Every structure is written in C-alpha cells, then in structure tokens.
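Student: Here's a structure for you.
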Amino acid sequence: MPDNKPTRNLALDLVRVTEAAALAAGRQMGLGDKIAADQAAVDAMRLVLNTIEMDAVIVIGEGEKDEAPMLYNGEHLGTGNPPELDIAVDPIDGTRPLAHGQWNSVATVALAPRGAMLNPGPVLYMDKIAVGPEARDVIDLDAPPAENLKRIAQAKGDKVEDLTVMILDRPRHADLIQAVRACGARIRLIPDGDVNGALMTAWPASGIDVLLGIGGTPEGVIAACALRCMGGNIQGRLVARTPEEEARGRELGYDFHKVLRIDDLVASQDVFFAVTGITNGDLLRGVDYYGNGATTDSLVMRGLTGTYRRIQATHHLDTLNRISGIAY
Ligand code: VTB
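Per my numbering, the sequence shown starts with residue 876, numbered consecutively.
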C-alpha cells in the first residue's frame, strides 16, 4: 500500500474564489451591464486568488474576445510560494445571461501544474466535442456528427433519438443543427456558457449527452480541466474566423487542422476545478441574497482523485463587508 500522505486539495481553496466572484457579480443580475458584472467578478477573484499559497500564472485570462475586464494573461497570482501552477479563469461563464437575468451563469476557475495548459494565444475559437465518462473513448472530432452520435448512443446503451445535444445558439451552427436533426437526436440550444454545457455532459442525470460546435478556446481549456476531474472527454480544433487570423496563428505555430485531445488542452491529471452558480441553472442554484446574508452553491473537483464535492455555503454579508476588500 502506498504510504504517501494525502496532499493539499487546492480545489477547496478555489471554491472561495468562485464564491467571491459569484457573490460580487450576482448583484448585477438583470441590470443589463455586462462590463460591471465582469469587473465585479474579476476584482473579487483576484483578491481571493492572491491569498492562496501558490505561484500561479494566468494562461487563460479570458476577456479579450469580448473586450471584458480581465485577469491578464501572464499575470502572477497567489502568494508567490510553490507550487508553481497554470491558472485558467472564466470569472463569468455566461455574462450575457447574467446581465439579462437568465439561466446558467457561473463563475469558474481551474489550476494545473506549470506548463500543462494550452495557451490559445490569439486563437479565440475552437470547434469542440465534449462527453461524459460513458462515451469518453468513442468520440472523434474528425468524424461527422452522425457517426459521433451513433457511437455515443451505443456507448451509453441508448438510441440516437434518446440523446440530447447541447449547441451554442449561433448562426454559424446552422449546418451542424441540421445534421443533428437529421440523425433524430434532440437539441438544446444555449445562448452562452459552453463551460457549463461541457460540464453537464459529464454530470450524472443532467439530461445532456454531448456538447458540439464552435465556442471559445479559453472555455475549451477550462472545460478540459473539469472533464478530466469528472472522467469525461473533450476534443477541439482551432478555428480562425478570417484568413488574416489564420495567417497570424500559423506564424505563432498554431495548427488549425490538428484534433487537440484532452491531453493537448491540459497535459496533466493533477488539475483542480471550482464552479459557483451566479444565476439559477441546471446544475447549480444561483446566489440568493436575503437580509444580511447570501447562499451559494458550488462544485469543487480534483483530477488526481476524481473526488467532486458540492458545497452549499451561507455567507454573512454584514460581517464580510466589515472585514473584506470586496463590497458584497
Ligand atoms: C462560448 C460561451 C461563452 O463565448 O464560448 C462563446 O461559452 C463563443 O463565442 O459564454 P461567441 O459568443 O462569440 O459566439 C461566450 O458566449 C462568451 O463570449
């Protein structure tokens, strides 16, 4: 029997980060101001991340594509002491749904050993296929949707008609949607939030079997961290929107043909992931504020052990507002 002592589970530190982001950004629900919401989440995340004993560098800072306030790529976070880590943040996955008071807006963050995360550079979009544990070994982004759906159904002991496919509701997916419909599978179109969507494919009884289509590359790397913890799988292929973008990406060494495996997106099983609901969603409740308190609902996961925990927390905002640098 190995005599290794259990090591620190950084996901338990990370949940304080996503809780803080959710508590701060949740105040913006339905107020129509995406930038203010992002700013609140980013400020809260940075404050709490800097309290964690680690030397983490941001590889996935998000924000660039949407010109949102961000945690900067290359920014160092934590106390500066070991361990040396890569960090990926999506302070709000689903900023628009939050600003409009809609479903499934969440705060997420992931950690991996230094150098393990794919750095997407300027390549902001990626074609993706994500599934849960039962179908992890059968997906192939190079195969047409019909083939993937057939294999996924088989792996799950379902008929294709039983499958529900999650797709971002974008004009660019018109052909994909047609192809999926032609197979007879059901579709759930989402306005935003494909990190949450990818997570749902691996969550027991979520009702979502597979995520397909083009979303953000940063979101793909964060989803890969979560899916590693959950035993699911994701593959991606970088997508350029214009010939100029493709030329620039190529110059920097990015390959737009290669299917990126989960190992290419995050090259370690030693990953940590946390997510907290901001608005009510399929998996998580959003932040509820009342009197001087608030409640949050989170998931925390660790790749090395596969343990995932659901943490429902009660926060005393009057106390927090006295001692914290964040206005909740
Ligand atoms: C997705 C989604 C994000 O970006 O990755 C999406 O998960 C893809 O880009 O919440 P477009 O919105 O430009 O289509 C987001 O919507 C964030 O912008």
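Glycine included, each C-beta is placed from N, C-alpha and C at the ideal position. For clarity, every value in this text was computed on a predicted model and none was experimentally measured.
So, helix, strand or coil for Lys1003, using DSSP?
Tutor: Indexing the sequence shown from 1 puts residue 1003 at position 128. Lys1003 falls in the strand class under three-state DSSP.
Student: Tell me the DSSP bridge mates of Val1085?
Tutor: Against the sequence shown, residue 1085 aligns to sequence position 210. Answer by DSSP bridge pairing, in chain order: Val1006, Val1040.
Student: Comparing the CB of Gly1068 with every heavy atom of the ligand VTB, is any distance shorter than 6 Å?
Tutor: Here residue 1068 refers to the residue found at position 193 when the sequence shown is read from its first residue. Flag set: Cβ of Gly1068 near the ligand VTB.
Student: Could you give the distance in angstroms between the alpha-carbon of Val1114 and the alpha-carbon of Leu999?
Tutor: By 1-based counting over the sequence shown, the position of residue 1114 is 239. By 1-based counting over the sequence shown, the position of residue 999 is 124. Their Cα atoms are separated by approximately 8 Å.
Student: Any idea which residues DSSP pairs Thr983 with across the strands?
Tutor: As a working note, residue 983 is residue 108 in the sequence shown. Paired residue(s): Asp965, Val1150.
Student: Using a Cβ-based criterion (distance less than 6 Å to any ligand heavy atom), does Arg1061 qualify as near the ligand ATP?
Tutor: Within the structure as shown, the ligand ATP is missing, the only ligands being the ligand VTB.
Student: If you run the structure through DSSP and keep just helix, strand and coil, what is His951?
Tutor: Position 76 of the sequence shown, counting from 1, holds the residue named residue 951. If DSSP states are grouped into helix, strand and coil, His951 belongs with the strands.
Student: Roughly how many angstroms separate the alpha carbons of Ile927 and Gly953, rounded to a whole number?
Tutor: Along the sequence shown, one-based indexing puts residue 927 at 52. Along the sequence shown, one-based indexing puts residue 953 at 78. Spanning the two alpha carbons is a distance of roughly 5 Å.
Student: Since Val1141 sits in a beta bridge, which residues does DSSP pair it with?
Tutor: Counting from 1 along the sequence shown, the entry for residue 1141 is found at position 266. Val1141 pairs with Met992.
Student: Scan the segment 1096-1135 and note each continuous alpha helix (DSSP H) run of 4 residues or more that stays entirely inside, going in chain order.
Tutor: Counting whole runs of 4 or more residues, the segment 1096-1135 contains the alpha helix (DSSP H) stretches 1118-1126.
Student: Please state the DSSP three-state secondary structure of Asp1157.
Tutor: Numbered from its first residue, the sequence shown carries residue 1157 at position 282. Three-state result, Asp1157: coil.
Student: Do Val1040 and Asn1108 have their C-beta atoms within less than 7 Å of each other?
Tutor: Reading the sequence shown from its first residue, position 165 is the one you call residue 1040. Reading the sequence shown from its first residue, position 233 is the one you call residue 1108. Not closer than 7 Å, so no.
Student: Can you look up Asp1012 in the DSSP assignment and give me helix, strand or coil?
Tutor: By one-based count along the sequence shown, residue 1012 stands at place 137. Three-state DSSP puts Asp1012 in coil, outside helix and strand.
Student: Should Ile935 go down as buried or exposed, given a rule of 16 or more other Cβ atoms within 10 Å for buried?
Tutor: Residue 935 sits at position 60 when you count from the first residue of the sequence shown. By the 10 Å Cβ count, Ile935 comes out buried.
Student: I need the straight-line Cα distance from Gly1091 to Thr1189, nearest angstrom please.
Tutor: Here residue 1091 corresponds to residue number 216 of the sequence shown, with the count starting at 1. Here residue 1189 corresponds to residue number 314 of the sequence shown, with the count starting at 1. About 33 Å.
Student: Could you name the residues that DSSP lists as bridge partners for Glu959?
Tutor: Residue 959 sits at position 84 when you count from the first residue of the sequence shown. BP columns for Glu959 point to Asp930.
Student: Given 6 Å as the limit, tell me if Glu1045 has its C-beta closer than that to any heavy atom belonging to the ligand VTB.
Tutor: As a first step, residue 1045 must be located in the sequence shown, where it is residue number 170. Per the sequence shown, residue 1045 should be read as Arg rather than Glu. Indeed, a heavy atom of the ligand VTB lies less than 6 Å from the Cβ.
Student: Are the beta-carbon atoms of Gly1152 and Val981 separated by less than 7 Å?
Tutor: Here residue 1152 refers to the residue found at position 277 of the sequence shown. Here residue 981 refers to the residue found at position 106 of the sequence shown. It is a contact, given that the beta carbons lie within the stated cut-off.
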